[in-house]
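Just so you know, the sequences run in chain order Y and U.
By the count of the UniProt record's numbering, the first sequence reaches residue 441 at its end, each step adding exactly one.
By the count of the UniProt record's numbering, the second sequence reaches residue 441 at its end, each step adding exactly one.
For glycine and all other residues, C-beta sits at the position ideal for the given N, C-alpha and C.
Every value quoted in this text rests on a predicted model; they were computed, and no experiment measured them.
Protein chains: 2
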Amino acid sequence: MTEEQDHGRRKATHGSRIDAYVDRYAARATGMVASEIRALFAVASRPEVVSLAGGMPYVTALPLDTVGELVADLVAQRGTVALQYGSGQGDPHLREQICEVMRLEGIEAGADDVVVTVGSQQALDLITRIFIDPGDVVLAEGPSYVGALGTFAAYQASVVHVTMDDQGLVPEALAETIESVERSGRRIKFLYTVPSFQNPAGVTLSPARRSQVMEVCRRADVLVVEDNPYGLLGFDGDPMRALRADDPDGVVYLGSFSKTLAPGFRVGWALAPHAVRDKLVLAMESAVLSHSSFAQLAVGQYLATQPWEEQIKSFRELYRERRDAMLGSLEALMPPGCAWTRPAGGFFVWMTLPERLDSKAILPRAVAERVAFVPGTGFYADGSGARNMRLSYCYPEPDRIREGVRRLAGVVQQELRLRDTFGTGSMPPHGGVDTPGPDLA
Amino acid sequence: MTEEQDHGRRKATHGSRIDAYVDRYAARATGMVASEIRALFAVASRPEVVSLAGGMPYVTALPLDTVGELVADLVAQRGTVALQYGSGQGDPHLREQICEVMRLEGIEAGADDVVVTVGSQQALDLITRIFIDPGDVVLAEGPSYVGALGTFAAYQASVVHVTMDDQGLVPEALAETIESVERSGRRIKFLYTVPSFQNPAGVTLSPARRSQVMEVCRRADVLVVEDNPYGLLGFDGDPMRALRADDPDGVVYLGSFSKTLAPGFRVGWALAPHAVRDKLVLAMESAVLSHSSFAQLAVGQYLATQPWEEQIKSFRELYRERRDAMLGSLEALMPPGCAWTRPAGGFFVWMTLPERLDSKAILPRAVAERVAFVPGTGFYADGSGARNMRLSYCYPEPDRIREGVRRLAGVVQQELRLRDTFGTGSMPPHGGVDTPGPDLA
Chain Y
1 MTEEQDHGRR KATHGSRIDA YVDRYAARAT GMVASEIRAL FAVASRPEVV SLAGGMPYVT
61 ALPLDTVGEL VADLVAQRGT VALQYGSGQG DPHLREQICE VMRLEGIEAG ADDVVVTVGS
121 QQALDLITRI FIDPGDVVLA EGPSYVGALG TFAAYQASVV HVTMDDQGLV PEALAETIES
181 VERSGRRIKF LYTVPSFQNP AGVTLSPARR SQVMEVCRRA DVLVVEDNPY GLLGFDGDPM
241 RALRADDPDG VVYLGSFSKT LAPGFRVGWA LAPHAVRDKL VLAMESAVLS HSSFAQLAVG
301 QYLATQPWEE QIKSFRELYR ERRDAMLGSL EALMPPGCAW TRPAGGFFVW MTLPERLDSK
361 AILPRAVAER VAFVPGTGFY ADGSGARNMR LSYCYPEPDR IREGVRRLAG VVQQELRLRD
421 TFGTGSMPPH GGVDTPGPDL A
Chain U
1 MTEEQDHGRR KATHGSRIDA YVDRYAARAT GMVASEIRAL FAVASRPEVV SLAGGMPYVT
61 ALPLDTVGEL VADLVAQRGT VALQYGSGQG DPHLREQICE VMRLEGIEAG ADDVVVTVGS
121 QQALDLITRI FIDPGDVVLA EGPSYVGALG TFAAYQASVV HVTMDDQGLV PEALAETIES
181 VERSGRRIKF LYTVPSFQNP AGVTLSPARR SQVMEVCRRA DVLVVEDNPY GLLGFDGDPM
241 RALRADDPDG VVYLGSFSKT LAPGFRVGWA LAPHAVRDKL VLAMESAVLS HSSFAQLAVG
301 QYLATQPWEE QIKSFRELYR ERRDAMLGSL EALMPPGCAW TRPAGGFFVW MTLPERLDSK
361 AILPRAVAER VAFVPGTGFY ADGSGARNMR LSYCYPEPDR IREGVRRLAG VVQQELRLRD
421 TFGTGSMPPH GGVDTPGPDL A
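In structure tokens form, the structure reads like this:
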């Protein structure tokens, strides 16, 4: 090829609207596809729509003037630190404070084993980065957090779901799944679990199950990644004891201030065994050098000067009232054949629709009736979840939640009438399978 | 194996101090090793040491009280946005402001093609993530930014250096390198370049070379990743025209507020062709969901309310004075046989030692004399750079710079005497090769 021909070829591809780079992306980029939540965010942000879709905490409840003042003091007094590069591992004082927070869940740990991350999402990304080669298996609850599934896909992990019920992961199912994956010759790198007030299912691993799950993992030598953003947002009694509290060597614990303070700081963390911690710090540095000192020190200043445990308590009361509003309305309004979980904390209810209804097909009709939710299939890597939806009660006020459930119940009733009259209901036209998630209710 | 044996095995590994996870990491994790800069940061932070090692901007020059007040106003007035999750692509208003900043370098772009990242380091990580399969080739200046080399290694890229001289990348060398890599059957995914006031070399791609380099890349259909953190910190005249200004489809441009405002916000960005931008947003979401709204809006508020161009101008004057202090001292004090670059902007001078001296071997002796620098080998992926060192003038005040150079000159002189007396000098005991970087002076 002459230089002129070569040049001409490139001009032709680059001048057009198609993706000139399509044949150059890494193999992992093919796993990067827009999630089902994406389109929703645009739709659900219209004010007339009651969004039961998002997972946004109700930051309006924070004392904004006070937070503003403490940040101003921080910059004026410690600005040359807050505005400068920090260490890859994170601010040392904040790491001490994080250890205090974790103590509420029975965790005894040193600041030296904590890595501050850009939300716990980044902790998840870095853990996956250091452990996963393409094709490696990650075990995860079915359903599981959609953001985790996205990260696992980006690293070309193979996700194998483990059955859960209303007490969380089923230990026997976990043992069987591990055995079956190992028999197939594939390599399990870790179990990813959200044991408390799970996203999206809203269920919690019971105390009895906690030790059983850990015992299964110890015997099979499977590392546990415990993602615990909602642990302090339980509605009844003291926080549960974290899995990490009883197994410092077998658990990487992920925490976050996104739900107990505010997500806008993007301050989360990983607590990991020494050797893993070392790798995480190196991965952190190559990913972003260091997290924002400004954001980290703001969180530290908040924890040092404000009654943060009281604030969490008031968040708990606020979310309990909303949970009650949602469960009461579901009970009163949803037609027979619908089932849902009864969360004891956190942000989410997981609903299962009657047979032959499909939540993704229902979504546009729901939005037309001014209510939004997240269809269940996004929370599975294997196409399950067609009959499920995640309903969040964290952001709308109780009256709006009741109105949203009323609208949604109307849509489901209409779908049921269609199904019973024409035998079709909302089954997806593209021939999707009618696979419900397991019965969690 | 019985369950008991199995359990016992795990206990044995987990109870010990060795890395129980060593056989489970991903292949990429083997490329994650501590950089040469790491140990330095600890050493150079002692107050008696003049650090010519770090790349920390002089944030003390910022009006801290003013920044504190504007952040307080932001949280009080727009706290429910600043403390909430944001979009993966970044705050829309900040992206508009970023386009204004880029206009100073001749770039006409829409906010829709900008992705806000956790420093430009994360932009580099995401670009590498979407383009690099293990073994793919990245072309980079020799020497190149150590943080970029770390990211490329983390994705198992193969870095091939391209010769540069005091005018920056040599276009003929670039064409030859591309040809030779392609002849070897390997795939070039992009050219990574810091065209203005390069880190670590301090040289700038001349205007004539800019169009030649772009022409070589267009003909060979090689994507250019233009990393430009120092572009507005030139000491003479107007900012250079960015490579991106003349080729919107062939360049991904990376920018940062770390040097023109402050690194503590960790706000950088990528400007990319549409299709690449889409992939970057998805990669961003799977990596961290979104950057801190708090940090993004703080930067936006600063740009909206403060005379930011004046601030950059005063940074330029401050750094020019320090550059002059360093060049003057080097000229006055360094023994014959030393050569160095004369940066027209940015933070760094690149020094080449006389033959048979080794900068890494000299470092501990320099630190004993209370001066620190970064040895040259960290800036190469191929073991070059033994006779080089990076000297930064961004952080210490002019008198400290002069004192640091005086101490360093003493160390180099002593090394030269050793070399001339015993014939050994500071050659590395481990048999490293005496490969200098190319002559950039």
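Item	Value
Own chain, CB closer than 8 Å to Y/Val411, minus 5 neighbours either side, in chain order	Ile362, Arg365, Ala366, Glu369, Val371
Beta carbon proximity, residue 477 of chain Y to chain U, threshold 8 Å	There is no way to answer for residue 477 of chain Y, as the model of chain Y reaches only from 1 to 441.
Beta-carbon gap between U/Val281 and Y/Val75 smaller than 8 Å	no
Where the stretch 161-194 of chain U meets chain Y: residues whose CB sits under 9 Å from a CB there	Arg187, Lys189, Phe190
Rounded C-alpha distance that separates Y/Ser286 from Y/Ala34	25 Å
Within-8 Å CB hit, Y/His291 to chain U	yes
Within 7 Å of chain U by C-beta, residues of the stretch 80-102 of chain Y in sequence order	Thr80, Ala82, Leu83, Gln84, Tyr85
As assigned by DSSP and simplified to three states, the class of Y/Phe132	It should be noted that the sequence gives Ile, not Phe, for residue 132 of chain Y. Coil at Y/Ile132, not helix or strand.
Cutoff 6 Å; reference Y/Val299; Cβ partners in own chain excluding five residues on either side	Phe257, Phe265, Val267
Sequence-distant residues of its chain with Cβ nearer than 8 Å to U/Arg400 (five each side left out)	Val50
Inter-stretch contact (C-beta, 8 Å, three-pair minimum) for the stretch 161-175 of chain Y and the stretch 93-111 of chain Y	no
Paired residues, beta bridge with U/Glu223 - DSSP	A small correction: the amino acid at residue 223 of chain U is Leu; Glu does not occupy that position in the sequence shown. According to DSSP, U/Leu223 bridges with U/Phe190.
Through-space distance from Y/Met56 to Y/Ala148, alpha-carbon basis	17 Å
is_contact[Y/Glu331, chain U] using C-beta, thresh 8 Å	no
Simplified DSSP state of U/Arg419, which is helix, strand or coil	helix
Cβ-based burial, U/Arg417 [other Cβ within 10 Å; buried from 16]	exposed
Length-filtered (3 minimum) beta strand (DSSP E) runs lying within the stretch 137-179 of chain U	137-142, 158-165
Proximal residues, the stretch 406-419 of chain U versus chain Y, C-beta separation under 7 Å	none
Classification of Y/Arg46 by the beta-carbon crowding that lies within 10 angstroms, buried from 16 upward	exposed
Pair within 8 Å by beta-carbon distance, U/Lys189 and U/Phe131	yes
Counted within 10 angstroms of its Cβ, other Cβ atoms place Y/Glu141 as buried (16 or more) or exposed	buried
U/Asp19 at chain Y interface by Cβ criterion, 8 Å	yes
Pairwise C-alpha distance: U/Val67 and Y/Gln311	27 Å
Chain U within 8 Å of Y/Leu62, Cβ atoms only	yes
Proximal residues to Y/Asn199 (C-beta, below 6 Å), its chain only, five neighbours per side dropped	Tyr145, Phe348
Rounded Cβ spacing between Y/Asn388 and Y/Pro143 (contact assumed at less than 8 Å)	7 Å
DSSP beta-bridge partners of Y/Asn388	Y/Thr352
Selection of the stretch 247-268 of chain Y by Cβ proximity to chain U, strictly under 7 Å	Asp249, Gly250, Ala262, Pro263, Gly264, Phe265, Arg266
Endpoints, beta strand (DSSP E) assigned at Y/Tyr253	251-256
Touching by the beta-carbon criterion (3+ pairs, under 8 Å), the stretch 224-244 of chain U and the stretch 118-127 of chain U	yes
Contact check, Y/Ala245 vs Y/Glu100, beta carbons under 8 Å	no
U/Gly268: first and last residue of the uninterrupted beta strand (DSSP E) it sits in	267-271
Counted within 10 angstroms of its Cβ, other Cβ atoms place Y/Arg323 as buried (16 or more) or exposed	buried
Contacts of Y/Thr151 in chain U (Cβ-Cβ under 7 Å)	Ser286
Any C-beta of chain Y under 8 Å from that of U/Asp6	Residue placement at U/Asp6 cannot be trusted, given a pLDDT of 42 that sits under 50; the coordinates are not used to answer.
Per-residue DSSP class, three states only, for U/Ala339	strand
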